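Counting along the sequence shown from 1, when you hit position 750 you're at 749 in numbering that gives the first Met the number 0, and nothing is skipped either side.
Glycine is no exception: its CB is placed at the ideal position from the N, C-alpha and C atoms.
Quick caveat, the model's predicted, so the values are computed rather than measured.
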Amino acid sequence: MVFNRLSSTEICLEQILCQIRMLAVQIHQSSQLDEILKVIVSESRKILESDRVVSYRFLTDSDGVVQEESVSCECSVSPQNISVAELKAFERLQTPIWIYDIQNLQMWWANKASLYIWNAQSREELLQRDSDISEATRIRLQNYLHQFEQGKTVAENWTFYPEGKPVSVRCMCSGVYIEDGRLAMLVEGTTQLTDDINQETKQQLAEEELRWQEALLLSMTDTSLLAFFVVDNRTDEILYFNHRFCQIWEIEHLEARMRSGELKNNDIIPDCAALIADVPKFAESCKPLQSEDNRCTIEDEILFIDGRTIRRFSSQIRDERDKYFGRLYIFEDISERKQLEKTLLLTDYSFECIGISGTWIDRNAKILRVNEAACRLLGYSRTELESMYVYELDPDFPQQAWTSHWQELKEQKCMTFISQHRTKDGRLIPVEVTLNYVEFDGEEYNFAFARDISEQQAAMVKRIEAETALRESEERYRSVILAMAEGIVLQQADGHITACNQSAERILGLTAEQMMGLCSIDPQWRAIHADGSPFSGETHPALVTLQTGQPQYNIVMGVYKPDGSLTWISINSQPLFQPDELTPYAVVTSFTDITVQKQAGQALQQQAQRERMIYAIAQHIRQSLDLDKILNTTVAEVREFLQSDRVIIYRFNPDWSGVVVTESVAQGWQSLLNQEITDSYFVETKGQIYQQGTIKITSNIYTAGFAPYHVKLLEQMQVKAKLVVPILQGDNLWGLLVAHHCSVPHEWLPWESKLLQQLATQLAIAIQQSELYYQLQTANQELQNLAMVDQLTGIANRRCFDNKLICLWPQLLQEENYVSLLLCDIDYFKQYNDTYGHAAGDDCLRLVAQAFQQTVKHATDLAARYGGEEFVVILSNTDIEGAALVAQEIHQAIQKLNILHTASAIENRVTLSIGIATVIPTSELVPLDLVEAADQALYQAKAQGRNRSFFREC
């Protein structure tokens, strides 16, 4: 608390004590710090009758700030400007005082005592200095200015460097108005002893040294692979941790909040505990760490759920009075080290448990280590073997030759060979030795394995004897096999061919040298089933026999020879077994060439297929009387069967030109459909050659002797080969059935021309039937039209109207749409006939009918003569407004006719009365309801004076 008294009023001690007691009561009644400080400075100024009382708070960096202040009106910043002359009283003070112009950032005035700390020789030098301050300092000074305007005072520790040495000065800063009316900063340095200043300077140097050491320590811990964590057990506050701690415990997301002090030790425990594999065990291990008496550094390991292993070191932290207040934890991720230890243990275990002899040897042939299998093999103890040299055990590696053997091993890196070892009892046993050259840590080693092959050598002797017997047996049968007409092939268990006879060479088109060592499923040998599908290797009879041990009989296979020709063979396979063996060691395959029989069968099959095809196409043709469908079916099925690029039907015109009426063309080739093709040869000869039933076969247009213009015509159509068959109806040439090959020339086979000839005959019959059917349909349509058309007017009659309405009704019922009916009657038509005669009456009806026909424009609508002088109009999808519009157009059309009618009671020309009815069909209504509604509306139109329309609801 700082008291600044300017008045000289005497103070009554008793009165002050009473006021202090009252102040204490007010302080106890307040709960907020700001309120308490405000009460203290305000009441203290009243008690002491001071001009100013301030509450000054020291900050952590030794600076301070006036937190609360009470100032009398006389002591507040006076708006009166101060001059330099008024500051002479401060010249001789030993306290450094100066005024700084914040707005211009320049020293305005300073006394002599301040020159030393500002390192200036004179006042003029100090006042003329340019201020080079940072943006942060500029903002800070502006903040001071705002506080001065409110009458506040700022107290801070400022460090100056006179003669290059740091000096700390306590400065009291307040606002003062200088001559030109600007608010400046008045600074008063506190009067401290030089020793105190020096002592504070030394303390600052010591603090800087400590901060440097602390920064060095922090940089070491922050870059360390070890995780550091310090906690105050009294407050649970986190005193220190490095980033590695957050990495190991996977709490990087909490690091910022931990550094700000927002989180304590217990706040991060849930996130850390989630990583621990055995939380109860971990909690139990933490209990000894909380004991004050446990001064030892404790080391243990923590297993994480992700498999990591973390080593933990923990020790107490005590203060200068040796009082325990917290713990230091150091964590290290030793997962890789643990894995390496585990790998080494596993390697050592594998070396010991391996079933064959293992030995480590150095470059001098000294045995460094052996496993238990080596001891069992040689009869020595481990100690005995590890004191011996290789040449003491293996006579094939004498001491004098060891250096050359080692050099050979070093070059080859790995060697496997048969040798012999001498056992402790003096026996020599055959072994298979594998040597591995190893370099490690600058040293050379030999890691050797040895396997006892005594049993294998005995078995080898037996096998050699058996193989000798087998060869003798094979020689006896070889002469028989060579003389057989059937192909014979011998394959071993792995499928490779080891023998064949001359018949096999002849049938397969391969020499023995080409077959030896290959397998029957070798990719270069293409084989197919009888249906032409690929013959997969695993289904080959020889392999099936080898896999199952069962013989295979009469398997048909197609084999492509090297020259590309296809040979069909029938295969039998028999397994060969060794005594007491269930799996065959080889298979004998015999096969017969059945190509001739197969070709004959295929020819019969193809002929039968063609006949079935011809019959099927003929049936398809006969099943339809639609000419377009007949022609399209014919060309599509013929092209598919012949596998040609294009099949067309060419129809002659009366002038012997022609047009392509139907076509089936493969993708990528030009379409000729609907093209008119005129061949001068046809025109000149009138197709005589085809009228005689001649079939024209052209395998290659360039070798057929065609005229140049004919070749050019065929080239334009992309034709390379063609087959032309005439379509004859008796002696009449209707057209041509033509097959084209567009990609390459094609040798037409006899059955292909025969097929087209048979189909042309069937097609001619079908065309004639279709044309007769079309003529019949045309006649029937004409009869139907006669039945549906009014003969007098040429528009639809009553029957057509009835059919139209009956057909339209269910459609609109489903669509829930409108239908309108206009029933029309010529006014006073009887009088017209009586006046002008029936011939004129018929002409009048025809003119009115034409007007109706022209007015009704939509295809779905219908105008009909209903009977006598009555006409009717059906308007589908038309509501009352649309119907009224059509009725108006009909009136206008009749008016334009301007037919004279002097006998009419309403006009001198022919007029109409129209009844209109509109409805959305429902299941409760029938078409007759609509007709009756229109009839009633017509009646109303006549009753109201005629020559008008009237609408009536249905």
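Closest by C-alpha distance to N370, when choosing among V885, R362, E383 and N363: Put simply, of V885, R362, E383 and N363 the residue whose alpha carbon is nearest the alpha carbon of N370 is E383.
Any idea what DSSP makes of N631, helix, strand or coil? Helix.
Runs of 3 residues minimum, wholly inside the stretch 855 to 898: which ones carry the beta strand (DSSP E) assignment? List check, beta strand (DSSP E) in window: 861 to 866 and 869 to 875.
Which ranges would you report for the alpha helix (DSSP H) in the stretch 402 to 471 if only whole runs of at least 4 residues count? List check, alpha helix (DSSP H) in window: nothing returned.
Which of helix, strand or coil DSSP assigns to K111: DSSP places K111 in coil when its eight states are reduced to three.
Specify the secondary structure class of Q551 as computed by DSSP and reduced to three states. Q551: strand per DSSP, three-state reduction.
Nearest-angstrom Cα separation, counted from A759 out to L489: Approximately 56 Å, taken between the alpha carbons.
Beta carbon of Y649 nearer than 7 Å to that of G734: Taking 7 Å as the Cβ cut-off, Y649 and G734 qualify as a contacting pair.
Helix, strand or coil for T193, going by three-state DSSP, please let me know. Residue placement at T193 cannot be trusted, given a pLDDT of 44 that sits under 50; the coordinates are not used to answer.
Cβ contact check for the stretch 643 to 657 and the stretch 735 to 750: 3 or more pairs under 8 Å: Cβ pair count under 8 Å is three or more, so yes.
For G946, name the three-state secondary structure that DSSP assigns. Note on identity: in this sequence residue 946 is Asn, with Gly being the wrong assignment. Of the three classes helix, strand and coil, the one that applies to N946 here is coil, per DSSP.
By DSSP's criteria, I101 is part of a beta bridge. Which residues make up the other side? As computed with DSSP, I101 is found in no beta bridge at all.
Suppose contacts are defined by Cβ-Cβ distances below 7 Å. Is T582 in contact with E485 by that definition? No; because the gap between Cβ atoms is not below 7 Å, this pair is not in contact.
Identify, in the order they occur along the chain, each residue of the same chain with its Cβ nearer than 7 Å to the Cβ of S130, setting aside the five sequence neighbours on each side. Contacts found: L104 and Q105.
Closer than 6 Å by C-beta to I196: which residues in its own chain qualify, once you throw out the five before and the five after it? Chain order, please. With a pLDDT of 47 at I196, under the threshold of 50, the modelled position of this residue cannot be trusted; read the value that follows with caution. Residues of the same chain with a CB within less than 6 Å of the CB of I196, apart from the 5 flanking positions on each side, are V166 in chain order.
Where G174 falls, given that 16 or more other Cβ within 10 Å makes a residue buried: Under this definition G174 is a buried residue.
Round the Cβ separation of N571 and Y552 to the nearest angstrom and send it over; I've been treating them as touching at under 8 Å. That pair is a contact at about 5 Å.
Does the distance from the CB of E300 to the CB of R310 come in under 7 Å? Result yes, Cβ atoms of E300 and R310 sit closer than 7 Å.
Close beta carbons around E298, own chain, < 6 Å, minus the five adjacent residues each side: Taken in chain order, the residues that qualify are F312.
Three or more C-beta pairs under 8 Å: does that hold for the stretch 281 to 296 against the stretch 255 to 263? No: fewer than three Cβ pairs fall under 8 Å.
Evaluate E952 with the Cβ neighbour count: other Cβ atoms within 10 Å of its Cβ, from every protein chain shown; 16 or more gives buried, anything less gives exposed. The residue is exposed, with fewer than 16 neighbouring Cβ atoms inside 10 Å.
So what does M106 bridge to, in DSSP terms? Paired residue(s): Y99.
Between which two residues does the beta strand (DSSP E) harbouring M171 extend? Judged by DSSP secondary structure, M171 falls within the beta strand (DSSP E) whose first and last residues are V166 to Y176.
Spatial neighbours of D934 within its chain, please: C-beta separation below 8 Å, excluding the five flanking residues on both sides. In its chain, beyond the 5 residues on either side, L822 and G914 have a beta carbon closer than 8 Å to the beta carbon of D934.
Please go through the same chain and pick out, in chain order, the residues whose beta-carbon is closer than 7 Å to the beta-carbon of S670, but skip the five residues on each side of it. Residues E662 and V664 of the same chain have their beta carbon placed closer than 7 Å to that of S670, with the five preceding and five following residues left out of the count.
Quick check on the DSSP output: what are the complete beta strand (DSSP E) runs of length 3 or more inside the stretch 539 to 591, in order along the chain? Listed in chain order, they are 551 to 559 and 565 to 575.
Given a threshold of 16 other Cβ atoms within 10 Å of its Cβ, counted over all protein chains shown, does G425 qualify as buried or as exposed? The residue in question, G425, is exposed, as its Cβ has fewer than 16 Cβ neighbours within 10 Å.
Quick check on DSSP: helix, strand or coil for A276? In the structure shown, A276 sits in coil (DSSP, three-state: anything other than H, G, I, E or B).
Can you check which of these residues, R609, L182 and S82, is closest to Y99 by C-alpha distance? Measuring from the Cα of Y99, the nearest candidate turns out to be L182.
For the beta strand (DSSP E) holding K695, just list the boundary residues, first then last. In the DSSP annotation of this structure, the continuous segment of the beta strand (DSSP E) that includes K695 starts and ends at K695 to T697.
Helix, strand or coil for R797, going by three-state DSSP, please let me know. Shown here, R797 sits in a helix according to DSSP, grouped into three states.
Euclidean distance between Cα positions of I268 and W248: Going from the Cα of I268 to the Cα of W248 covers about 10 Å.
To the nearest whole angstrom, what separates the beta carbons of E443 and R362, a pair I think is in contact under 8 Å? Contact flag correct, Cβ pair sits at about 5 Å.
Per DSSP, A226 forms a beta bridge with which residues? Looking at the DSSP assignment, A226 forms a beta bridge with F330.
Following the continuous beta strand (DSSP E) through Q141, name the residue where it begins and the one where it ends. Unbroken run through Q141 is the alpha helix (DSSP H), E134 to E148; no beta strand (DSSP E).
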